Structure formats: C-alpha cells, structure tokens
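**Q** Please read through the structure below; I'll follow up with questions.
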Amino acid sequence: MNRRILHLAIPSIVSNITVPLLGLVDVTIVGHLGATAYIGAIAVGGLLFNILYWNFGFLRMGTSGLTSQAYGRKDKEAEIRVLVQAVSVGLFSALAMLILQYPIERLAFRLLDTSAEVEQYAVTYFRICIWGAPAVLAQYSFTGWFIGMQNSRYPMYIAIVMNVINIVCSSCFVFLFKMKVEGVALGTVVAQYSGVMMALGFWYYNYKELRGRITFKGSLQLIAMRRFFAVNRDIFLRTLCLIGVTTFFTSTGARQGDVILAVNTLLMQLFTLFSYIMDGFAYAGEALSGRYVGACNLVQLKRAVKALFCWGVVLSLVFTLLYGIGGENFLGLLTNDTVVIETAGRYFYWVLAIPLAGFAAFLWDGILIGATATRFMLWAMLVASGSFFVIYYCFSGATNNHTLWLAFLVYLALRGIMQTIWSRRVFTLKYLQSLRS
C-alpha cells in the first residue's frame, strides 16, 4: 500500500511545486525590464487569475473522485463519460469567461487598489491571458481524470514541460521581440495551450480502448450530469469558504500595517510549503479511496486511509522539527528586513503548530473527494470557517494578530476533527453499495 501511495504522491508533489514557477518566471522576466510597474502588473494579474481559476478547482477534484470510482468498478463507459462531462463544463465555463471578460475586468480593477500605471499594464496582461481560459479549465479536467485513473505521472510531465515552454516563449517574446508585459502574457498562454495539447496527446495515444466509447449525447444528458454537478457543487461551495478565510486572513493582516502584512505573508510561505507536500498525499487519497470505493472493497479502503495517516503523522513531525530548527533561517532567505524578521519571531510558534493541526484536513479532503462524500467535507468546512470568524471577533483586541493565527489554527484542526467524526458514515458497506445503485 505504501508503494502505491508514493507512486501517486511523489509525481503530484513535483507537479505542485512547479505550479508557482509559472508566476515566478513571469515576475523574474519583467523584473529585468527596468520599471517596478511591470512587476506590480504581473503580480496583480496573477492574483486575479488565481482567484478566478481557484473557483474552478472542482473540475480537477470532482473529476478525480468520479473517475477513480469508475476505475475501481472497471466501468469503461463511466470513465470516459466523466472526462467528457468535465471537459464540456470547463469549456462552457471558459466561453462564459471570454464573453464576460470586460465586466470581470472592470469589477476586478475596481476592487483592486492599484496605481494607474500598474492598472494599465495589468489590463494588458489580463486581456491576453484570459484567452488561455479554455486551455486552463480543460487541463484541470484532464489532470483530475489522469489522477482518477491512478496516473499522476502525466500531470507531472505536463507541468514540467509547461514551465520550460513558458520560460522559452516569454523570454523570446520579451528580449528578442521587445514585447514587454504583452510578451510575458503571450508566453503564458502558449504554455497553457501546449499543456492541454500534451494532455490530449497522452489521452489519445495511451487510452485507445476508450476512444470508441465517447458518446456526447449520453454523457451530457441531465440524468448523467446530475451526480457530476452534485459532487462539484459541494466542492465549489467548500472552495468559496476557503477563499473567504484566506482573503480575510490576508486583508486583516494588511489592516494591521505593512510590517504585520509582511510577517504574515512570510510565515504563510511555510504553510504553503507544507501544503504542497500534503496535497500530494491528498491526491493519492483521492485516487486510492475512489478506486476502493468503486470496487466496494472496504478492507483495502481502510488500509489506504490508515497508511495515508501514518504518512501524515510522520511528515507533520518532520516538518515541525525542520521548522523548529531552521525555520527562522528560512525567513532570512526570503527577506533581509531585520524589523520583519524580529517581528516574525513573536508569531513563529504558531507556524510550528501548523503541520500537526492541519495534516488531517488535507488527507480527509482527498479521501472524501475520492469517495464522493463531498457533503461531509462541505459541512466540516462550514463549521470550521464559522469557528474562524467567531474566534477572531470574540477574542481580537490588543493581540489581533495572535488571535488571527489562533483562529486559523483552530480552523485547520476543526476541519480534520469534523471530517474524522463524519467519515465513519463512509466506511460502511452500506454507503459503498449505495454508490452502485
């Protein structure tokens, strides 16, 4: 079981780590153009697309869970049906984004407080990159489908190649053709379409037995789409809660001044690093739990969950130790501002508690997505998000930032606790058999 977990988790971890490189490459390139407004434009544009696309994360997660269950049942028609449904919903959503791009643009830049120069360049970046939406959302669908088919290597290959193409194309457009921000945006779009074409190629040449099973009419009928939307509705609402908590955390830190904003941003990098690792194991949980739920194999499902939590405990202890020993030195690599580093020391113990408080939430998210028990995941998120705001508003005062971190840790821990309690309903033959009916 451990070998299966690592076979799925390690490529997913590599893929996760390469994701922020797309944005980092863009910032690095414009950073050599001689104007800070270029960097600000890429940062603002990247933030806008992160928020925009984050809402469509259900295309990857829901597709993974439904596909892995079909894989466990050895139901070829269902395997390809889920892919058709996901890609169709993704392309329809992308079309809506393209049609509504001007209202989206105006609303976004009305909410974002930027200088006129930064807004001008950011609008240019947005108007080019928005045309990559069909590729991005289709790729989300393919990524979830590959993971559901117990194959996390293809998404890793695609992520690596996309980064290489982005570096080459953006550099050529900017430094050879003197295109500046528009060159960076165009390079990003080329990389995005290259990624989806690569995904399509992997599917076409390696899943030949499924090609003849595509039926658009049967896949897109209301009855066939009902379960797809039921699962993804829960994931979408859960994502909105996640965005709400994350946005509030950032904006509340910003209201406490530039130093606290910088401190929280740096400390959250340690949480982000841990999340990249745990997300890899969550993806493994999606693939394996869905597979065993689909096969109605309760014994293997419990073995997979037990093994995943063993890895979670071990990795949490390792990260806690690493952060305790070298975390402050890591902050020194990110900034040389002594005031920020000194202030961060007053809040650093909160970061030490993140791995043990949060690992269960990551793992249960993956396991419940694979089991398509997304309603339990949503309930846990609602309870945890509510507790976050209650704790902050009840106890904030002179120690606002400490209260903010306390609320965030309780939010992480409570998600894992609630999902642990409700997961007992999933680990029954009655539930597994109900999914087959």
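Here the sequence shown is numbered in numbering that gives the first Met the number 0, starting from 0 and rising by one per residue.
Just so you know, even glycine gets a beta-carbon here, dropped at the ideal spot from N, CA and C.
Everything numeric in this text was worked out from a predicted model, so none of it was measured.
On the criterion of 16 or more Cβ atoms from any shown chain inside 10 Å, does F358 qualify as buried, or is it exposed?
**A** Start at 1 with the first residue of the sequence shown, and residue 358 comes out as number 359. The residue in question, F358, is buried, as its Cβ has 16 or more Cβ neighbours within 10 Å.
**Q** So, are the CB atoms of N400 and G252 less than 9 Å apart?
**A** For the purposes of this step, residue 400 is taken as the residue at position 401 of the sequence shown. For the purposes of this step, residue 252 is taken as the residue at position 253 of the sequence shown. Contact flag set, yes.
**Q** Taking only three categories from DSSP, how would you classify D74?
**A** Counting from one through the sequence shown, the residue named residue 74 turns up at place 75. Three-state DSSP puts D74 in coil, outside helix and strand.
**Q** On the DSSP letters alone, give me the boundaries of the alpha helix (DSSP H) that T123 sits inside.
**A** Along the sequence shown, one-based indexing puts residue 123 at 124. Looking at the DSSP string, the run of the alpha helix (DSSP H) that includes T123 is 115-128.
**Q** Report the three-state DSSP secondary structure of N1 (helix, strand or coil).
**A** Within the sequence shown, numbered from 1, the residue matching residue 1 stands at position 2. The answer is helix: DSSP assigns N1 an H, G or I state.
**Q** How is the alpha helix (DSSP H) around K207 delimited, first residue to last?
**A** Working through the sequence shown from its first residue, we reach residue 207 at position 208. Segment 207-210, the alpha helix (DSSP H) holding K207.
**Q** When you compare only the Cα positions, how much space is there between I3 and I16?
**A** Position 4 of the sequence shown, counting from 1, holds the residue named residue 3. Position 17 of the sequence shown, counting from 1, holds the residue named residue 16. According to the sequence provided, residue 3 is Arg. The question's Ile does not apply to it. Whole-angstrom Cα-Cα distance: 21 Å.
**Q** Compare the Cα-Cα distances from V136 to each of V88, L367, K179, C240 and report the closest residue.
**A** Mapped onto the sequence shown, residue 136 falls at position 137. According to the sequence displayed, residue 136 carries Leu and not Val. The shortest C-alpha separation from L136 is found at V88.
**Q** Alpha carbons only, please: which of W130, K179, I166, F201 is nearest the one belonging to I157?
**A** Reading the sequence shown from its first residue, position 158 is the one you call residue 157. If we check each option's Cα against that of I157, F201 comes out closest.
**Q** Closest by CA to Q68, which one among A42, Y291, G284?
**A** Within the sequence shown, residue 68 is the residue found at index 69, counting from 1. Nearest C-alpha to Q68: Y291.
**Q** Given a cut-off of 9 Å on the beta-carbon distance, is the pair Y410 and V244 in contact?
**A** For the purposes of this step, residue 410 is identified with residue 411 of the sequence shown, where counting begins at 1. For the purposes of this step, residue 244 is identified with residue 245 of the sequence shown, where counting begins at 1. Yes, these two residues count as a Cβ contact at 9 Å.
**Q** Does the distance from the CB of M161 to the CB of G194 come in under 9 Å?
**A** As a first step, residue 161 must be located in the sequence shown, where it is residue number 162. As a first step, residue 194 must be located in the sequence shown, where it is residue number 195. It is a contact, given that the beta carbons lie within the stated cut-off.
**Q** Who are the Cβ neighbours of L90 in its own chain at under 8 Å, not counting the five residues just before and after it?
**A** To locate residue 90, count along the sequence shown from 1; it is residue 91. Counting only Cβ-Cβ distances below 8 Å, and skipping sequence neighbours, we find P133, L136, A137.
**Q** Give a yes or no on whether the C-beta atoms belonging to L403 and A356 are separated by under 9 Å.
**A** In the sequence shown, counting from the first residue as 1, residue 403 sits at position 404. In the sequence shown, counting from the first residue as 1, residue 356 sits at position 357. Not a contact, by the Cβ cut-off of 9 Å.
**Q** Count the other CB atoms within 10 Å of the CB of N54; is the residue buried (16 or more) or exposed (fewer)?
**A** Translated into the one-based positions of the sequence shown, residue 54 becomes position 55. So N54 ends up on the exposed side.
**Q** Just to confirm before moving on: does the CB-CB distance between I234 and V83 stay below 9 Å?
**A** In the sequence shown, counting from the first residue as 1, residue 234 sits at position 235. In the sequence shown, counting from the first residue as 1, residue 83 sits at position 84. Contact flag unset, no.
**Q** Please report how far the alpha carbon of G182 lies from the alpha carbon of I103, in whole angstroms.
**A** The count along the sequence shown starts at 1 and reaches residue 182 at position 183. The count along the sequence shown starts at 1 and reaches residue 103 at position 104. Distance between the alpha carbons of G182 and I103: 22 Å.
**Q** Nearest CA to the CA of I366: which residue from G211, G293, Q119?
**A** Here residue 366 is taken as the residue at index 367 of the sequence shown, counted from 1. Closest option to I366, Cα to Cα, is G293.
**Q** Work out the CA separation of Y101 and T66 for me, nearest whole Å.
**A** To locate residue 66, count along the sequence shown from 1; it is residue 67. To locate residue 101, count along the sequence shown from 1; it is residue 102. Rounded to whole angstroms, T66 to Y101 spans 35 Å at the Cα level.
**Q** Report the rounded CA-to-CA distance for A95 versus I79, giving the unit in angstroms.
**A** Taking the sequence shown and counting its residues from 1, one reaches residue 95 at position 96. Taking the sequence shown and counting its residues from 1, one reaches residue 79 at position 80. Between A95 and I79, the C-alpha separation is close to 24 Å.
**Q** Can you name the start and end residues of the alpha helix (DSSP H) that Q418 belongs to?
**A** By 1-based counting over the sequence shown, the position of residue 418 is 419. Element bounds for Q418: 399-421.
**Q** Under the three-state reduction of DSSP, which class applies to Q255: helix, strand or coil?
**A** Residue numbering aside, residue 255 sits at position 256 when the sequence shown is read from its first letter. Residue state, collapsed to three classes: coil.
**Q** For Y153, which option in A184, S11, E116, Q255 has the closest C-alpha, if you only look at C-alpha atoms?
**A** Within the sequence shown, numbered from 1, the residue matching residue 153 stands at position 154. Selected option, being the one with the closest Cα: S11.
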